[in-house]
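**Q**
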Amino acid sequence: MQKTVYLILVLFICYASLPANAEESDAEYQQCLLDKLKTASAKTTVAALKAQCKKSEPVPIVKIAEDDKTVLPEPFFNKKRTEGAISKRVKEERQSQFNPYVITPHKKNYLLPVTYTTKMNREVYREVNDWSEDLSDTETKLQISFKVPLNTGDLFLENDSLFFGFTMKSWWQVYAQNISKPFRETNYQPEIFYSTPLNVSVGDTNSAFMVGIEHQSNGRSQPLSRSWNRVYLNWLFEYDNFALSFKPWYRLPEDRKPDPLNSDGDDNPDIDDFMGYFELGMAYQWDDYEFHMIGHQNFSTMRGGAQLGVTFPLWGKLRGYAQYFGGYGESMIDYNHSQHRIGIGFALTDLL
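Whatever position you read off the sequence shown (first residue = 1), add 53 for this note's numbering.
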């Protein structure tokens, strides 16, 4: 009986001392006090009950890091305009890019367990081994790509960024029968690039500009070594769920080889004839599906290549991925070899 009287008095004091602001006087707060009173001991104070029921203050998305007081960046594109698919992705990336447990994707990350090519490039391997005829037209293809921010605040312009990026792409002869299932080709592509939003738009479009330098090679010894270095610009445009990129480049010149087996000099002096001087990319998001196209072309030689792909939901973060490539330059070793390839598998990250 004494405890019941005590709880009634505590309840009366709690109601009498409720603050005037709406957060603490709403029905949810009062119900919490009633629930706590039912299980409270005789020694529980009013202040303790109120502290248990007081709502937490909302945490802002853009906040100051406790250790270095660095202000996390605002959205990539002009926040006064409508956010498209790219700007939404960049905005989400910037909320986690300094988290030590998060790896930020750069290009698409995928695994295609089964791909089939109409024309395996066996000729290039005949110079160095006797198993080129044992290469299978069916193989596994995979790509791993990530980037690391190199600045924690604005460098020159508002919301600009400097990144180190790395992309690795491999073709694995896992279905070969008479050889030891080697990785037939692996391409390595490190790069450093700067990006900044542009305050130039047409209607509800957003745009951004990138400039970078990249190296791409297959890490092989002669005569299978292939490599080049490029300085590039990249203009990005977005409208709602559609994105467009135009990436022209300049290949840094190299000396001609004194001998084909010499490690010094240009491994592939005619690569521009097949890869051209630019890359055009497009991506479109429709419901849970994403379609993309990436192509390069040399209009003087009328040689080039294009990759088409679509991702679709499977379960969780895992997405299905179907890919087609046609033309020259799917890999460094195949820069001057034309083929058609189709593949099916999984994607961990999308472009948009």
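C-beta: ideal position from N, C-alpha, C; glycine also.
Would you say Ala400 and Tyr169 are within 8 Å of each other, going by their C-beta atoms?
**A** Here residue 400 corresponds to residue number 347 of the sequence shown, with the count starting at 1. Here residue 169 corresponds to residue number 116 of the sequence shown, with the count starting at 1. Cβ atoms of Ala400 and Tyr169: not closer than 8 Å.
**Q** Ordered along the chain, which non-local residues of its own chain (more than five positions away) have a Cβ less than 8 Å from that of Asp187?
**A** On the sequence shown, position 134 is the one that residue 187 refers to. Answer for Asp187: Ala229, Gln230, Asn231, Ile232, listed in chain order.
**Q** Along the beta strand (DSSP E) that carries Ala296, what are the first and last residues, could you check?
**A** Looking up residue 296 in the sequence shown gives position 243. Its beta strand (DSSP E) spans residues 295-304.
**Q** With DSSP collapsed to three states, give me the class of Thr416.
**A** Past the boundaries of the shown model lies residue 416; the chain is included only from 54 to 405, so the question cannot be answered.
**Q** Going by beta carbon distance, what residues of the same chain come within less than 7 Å of Gly329, once the five residues before and after it are set aside?
**A** Numbered from its first residue, the sequence shown carries residue 329 at position 276. Hits under 7 Å: His349, Gln350, Asn351, Gly357.
**Q** Report yes if the C-beta distance between Phe199 and Pro158 is below 8 Å; otherwise report no.
**A** As a position in the sequence shown, residue 199 is number 146, starting the count at 1. As a position in the sequence shown, residue 158 is number 105, starting the count at 1. Yes, Cβ-Cβ distance for Phe199 and Pro158 is below 8 Å.
**Q** Alpha helix (DSSP H) containing Ala138: first to last residue?
**A** Your numbering for residue 138 matches position 85 in the sequence shown. Element bounds for Ala138: 138-147.
**Q** Whole angstroms are fine: how far does the CA of Leu87 sit from the CA of Tyr247?
**A** Indexing the sequence shown from 1 puts residue 247 at position 194. Indexing the sequence shown from 1 puts residue 87 at position 34. When rounded, the distance between both Cα atoms is 57 Å.
**Q** Between which two residues does the beta strand (DSSP E) containing Phe327 stretch?
**A** In the sequence shown, counting from the first residue as 1, residue 327 sits at position 274. Element bounds for Phe327: not the beta strand (DSSP E) but the alpha helix (DSSP H), 325-328.
**Q** Take the Cβ of Thr354 as the centre, count every other Cβ of all protein chains shown within 10 Å, and call the residue buried at 16 or more, exposed below.
**A** Within the sequence shown, the letter at position 301 stands for residue 354. With fewer than 16 other Cβ atoms within 10 Å, it is exposed.
**Q** What separation, rounded to the nearest whole angstrom, lies between the Cα atoms of Glu343 and Gln83?
**A** Within the sequence shown, the letter at position 290 stands for residue 343. Within the sequence shown, the letter at position 30 stands for residue 83. Spanning the two alpha carbons is a distance of roughly 48 Å.
**Q** Hey, Gly379 and His393 are a contact pair by Cβ (cut 8 Å); roughly how many whole angstroms apart?
**A** Taking the sequence shown and counting its residues from 1, one reaches residue 379 at position 326. Taking the sequence shown and counting its residues from 1, one reaches residue 393 at position 340. Right, the Cβ-Cβ distance comes to about 5 Å (below 8 Å), so this counts as a contact.
**Q** By how many angstroms is the C-alpha of Glu81 removed from the C-alpha of Trp288?
**A** Within the sequence shown, the letter at position 235 stands for residue 288. Within the sequence shown, the letter at position 28 stands for residue 81. C-alpha separation (whole angstroms): 51 Å.
**Q** In the DSSP assignment, the beta strand (DSSP E) including Gly358 goes from what residue to what residue?
**A** Here residue 358 refers to the residue found at position 305 of the sequence shown. Where Gly358 is concerned, the enclosing beta strand (DSSP E) stretches over 356-368.
**Q** Which residue from Asn259, Phe219, Arg372 puts its Cα closest to that of Tyr241?
**A** Position 188 of the sequence shown, counted from the start, is the residue given in the question as residue 241. Nearest option by C-alpha distance: Phe219.
**Q** Leaving out five residues before and five after Thr171 in sequence, what residues of the same chain have Cβ atoms less than 8 Å from its Cβ?
**A** As a first step, residue 171 must be located in the sequence shown, where it is residue number 118. Cβ within range, chain order: Asp190, Gln392, His393, Arg394.
**Q** Helix, strand or coil for Ala375? Go by DSSP, reduced to three states.
**A** Within the sequence shown, the letter at position 322 stands for residue 375. Correct three-state label for Ala375: strand.
**Q** For Asn212 and Pro153, which I take to be in contact (beta-carbon distance under 8 Å), what is that distance rounded to the nearest angstrom?
**A** If you number the sequence shown from 1, residue 212 lands on position 159. If you number the sequence shown from 1, residue 153 lands on position 100. That pair is no contact at about 23 Å.
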